[in-house]
Amino acid sequence: MLKSLRSKPVAIALISFMTITTAALAAIKVAPKPTTDSVTIYSDIKKGEVILSRPDGTIALLRDCVKFPCQIDISALGRGEYGVMIRNGTDIQHLVGLYKE
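And the structure:
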């Protein structure tokens, strides 16, 4: 099995996947990290719907941002980790983590 993982097609596929994932993560930024009451979302896209999700996949917050950067009040959310996604149309464009203290 180790021999098959060293094959060139597998290595090229893994490198391509890691490059695409890294590019997607670099396109969205969250500040401050960690945060308490509000967070500012920065993105390369012009507008989109920001979705904060809990680790179990349920949606914690949904906010339509008509432009970025977009400031969001998260004071009502509980302490913990959240996934931050930006949906533009039917596609999820970006994903990054957020920790609320």
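Under this note's numbering, the letters of the sequence shown match residues 312 to 412, in that order.
For each residue, glycine too, the CB sits at the ideal point set by N, CA and C.
Computed from a prediction, not measured in an experiment: that's the story for all the values here.
Beta-carbon contacts of residue i that lie in its chain and below 7 Å, excluding the five residues immediately before and after
i      : result
Lys378 : Lys357, Lys358
Ile362 : Ile370, Leu373, Met396, Arg398
Pro366 : Glu392
Pro380 : Thr351, Ile352, Tyr353
Distance CB(residue i)-CB(residue j) smaller than 8 Å
i      : j      : result
Lys340 : Tyr410 : no
Gly394 : Ser364 : yes
Helix, strand or coil at residue i [DSSP, three-state]
i      : result
Lys340 : strand
Thr333 : With a pLDDT of 40 at Thr333, under the threshold of 50, the predicted position of this residue should be treated as unreliable, and no value is reported.
Tyr410 : strand
Ala371 : strand
Beta-carbon separation (whole angstroms), residue i vs residue j, contact threshold 8 Å
i      : j      : result
Val350 : Ile383 : 5 Å
Sequence-distant residues of the same chain with beta carbon closer than 8 Å to residue i, five excluded per side
i      : result
Val407 : Leu336, Ile339, Lys340, Val341, Gly394, Val395
Asp348 : Asp384, Ile385, Ser386
Glu412 : Pro345, Thr346, Thr347, Arg390
Ile323 : Note that Ile323 scores a pLDDT of 43, beneath 50, so its modelled location is shaky; the value from the coordinates is reported in the next line. Excluding residues within five positions, none has a Cβ falling inside 8 Å.
Exposure of residue i, with buried meaning 16 or more beta-carbon neighbours within 10 Å
i      : result
Ser354 : buried
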